[in-house]
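Worksheet: the structure to be examined is printed underneath.
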Amino acid sequence: MARVNISDSSDCVDVQSEFNPIVFQVMIVATLAISTVGGNVCTLLTFIGSRYLRNSHGLIIVSLAFSDFGIGLVSMGSIYPAALQYWPHKHIFCVLQGFLFEVCHTNSFFMTVFLSIERYLAVIHPHQYTTVLARKKVSVIICVTWIVAFVGYGLPTALQRFQYLFNKPILVCLVKYRQFNNLSVGAVFLWFLFTFVNFGLVTYTCARVTLAMRNIAEKRLGQASQRQVQQKSRFAKKALHTFKISIVILVAFYVLRSPYVAIILATALKVDKCSLPNFLIFVAYWVAMINGCFNFFVYVVMNLNFRREFKRLVMRQEILPPRETKTPTATNEKSDSNRQSPATIQPSSSNSSQRQ
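For what it's worth, numbering that gives the first Met the number 0 labels the leading residue of the sequence shown as 0, then goes sequentially.
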């Protein structure tokens, strides 16, 4: 079986080799890969299978979960090489693994930016939210981000003639750029730029939410009707809770990926590679992979609707069969519309339109 050459970073002597056994690497890679795939499969099935979660926000979460699912699926290809400590497959599979890794990582990054913008509009501009971020528009934006991710990494790798090499410290295939330092500096710059945009929007939204809650409290003492105040308060609390979930996802995304970004920055600044043990590089990279399975637990703990729909999925209480059983009753109500008032017919007709 053909071996792919080891990358240049393997020239250094690993001073922490006694703390980095092969069994430990295989267990870490296998555990994270399987957990990421399993968690995101549950997330995708729950969001796609529930009509309550298939909104604009849900589409972004589905795209983010699909990116993490791709990362976990491709990570499974590193389990066998981790046991052998070299790439045992053909070079085309090394190219495929490295390319899909980069595409999924990039789209996951785009989705975190999109998520912060979406939550900003939902909380600060709720009346324009349904028009600015309608489901069709969100679907188009998501498709564009995937295309940008594919083209953005497809062209450079094609220009580099698909020179992917197996990186032994992290046990994955990565493209070997000729101008690695310049590209690393550019990647780190984009990282900090998007980080500033994300947390800038989050901070501004938090401040605006605080002011909005104060205004609602003041209107309770003013001339506004009690019903309007209750509706605004209920909407604000719901938007604020979803916003908190988004903050947890964003913070986890950056905290878990920061160590590996710091290593990339150190490499770009031409820090002596031998001063960075392979064990440290391995841990930093695969700690970043924890984010792929972390989001699922965030939804289960903090999102009541997701928890309820996931429970139905686990208990095999699907949503589609109840809809089919209610269909005859809805048709019967329509057939008896001459004997019923419009108020009694309206709920069944709205439910039938939702089913379509």
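Glycine is no exception: its CB is placed at the ideal position from the N, C-alpha and C atoms.
- Take I169, set aside five residues on each side of it, and the residues of its chain with a beta-carbon closer than 8 Å to its own are I280, F281, Y284 and W285, in chain order.
- Shortest Cα-Cα distance from F100 to any of A287, L83, A251 and R118 involves A287.
- Membership of N290 in any beta strand (DSSP E) is not indicated; the residue belongs instead to the alpha helix (DSSP H) covering I289 to M301.
- Per DSSP, reduced to three states, the secondary structure at Y163 is strand.
- The alpha-carbon of V171 is positioned some 17 Å away from that of P20.
- Nearest to S34 by alpha-carbon distance, out of I60, L63 and F68, is F68.
- Secondary structure remark: continuous beta strand (DSSP E) runs of at least 3 residues inside the segment 89-173, in chain order: 163-166.
- In the structure shown, the three-state DSSP call for P20 is coil.
- Ranked by Cα distance from C93, the options C103, Q162 and F293 are led by Q162.
- Contact between the segment 76-86 and the segment 121-141 is absent, with fewer than three C-beta pairs closer than 8 Å.
- Within the model, the alpha-carbon separation for R50 versus V174 is close to 41 Å.
- Taking a C-beta distance under 8 Å as the contact criterion, V247 and M301 qualify as a contact pair.
- In this structure, DSSP gives W86 a state outside helix and strand, which the three-state scheme calls coil.
- Nearest to F293 by alpha-carbon distance, out of G71, L200 and V131, is G71.
- A straight line joining the alpha-carbon of L164 with that of N106 spans about 22 Å.
- The beta carbon of S66 sits closer than 6 Å to those of C103, N106 and S107, all from its chain and outside the five residues before and after it, given in chain order.
- Just so you know, the alpha carbons of I141 and N39 end up roughly 18 Å apart.
- G71: member of the alpha helix (DSSP H) spanning S55 to S74, first to last residue.
- Nearest C-alpha to V250 among F296, N197 and I27: N197.
- The criterion of a C-beta distance shorter than 8 Å is not satisfied by C41 and F296.
- Between G97 and F149, the alpha-carbon positions lie close to 12 Å from each other.
- The C-alpha of T111 is placed about 17 Å away from the C-alpha of K136.
- Close CB contacts of V25 within its chain, under the 7 Å cut and outside five residues either way in sequence, are with I78, A81 and A82 (chain order).
- Excluding its 5 nearest sequence neighbours in each direction, N304 has C-beta neighbours in its own chain below 8 Å: S49, Y51 and L52, listed in chain order.
- Here L114 is actually not in contact with I27; their C-beta atoms are around 28 Å apart, not less than 8 Å.
- For E117, the closest C-alpha among the options F242, V73 and T194 is that of F242.
- Looking only at F188, G57 and Y259, the smallest Cα-Cα distance to S138 is reached by G57.
- Between the beta-carbon of V61 and that of I47 there is about 7 Å, and that keeps the pair under the 8 Å contact cut.
- Contact between R256 and N290 holds, with the beta-carbon distance rounding to 7 Å and staying under 8 Å.
- CA-CA distance, Y298 to V147, rounds to 28 Å.
- In the same chain as A29, and ignoring 5 residues on each side of it, the C-beta atoms closer than 7 Å to its own belong to I78, in chain order.
- Straight through space, the alpha carbons of T144 and L154 are spaced by roughly 15 Å.
- With a beta-carbon spacing of about 18 Å, S245 and R134 fall beyond the 8 Å limit used to define contacts.
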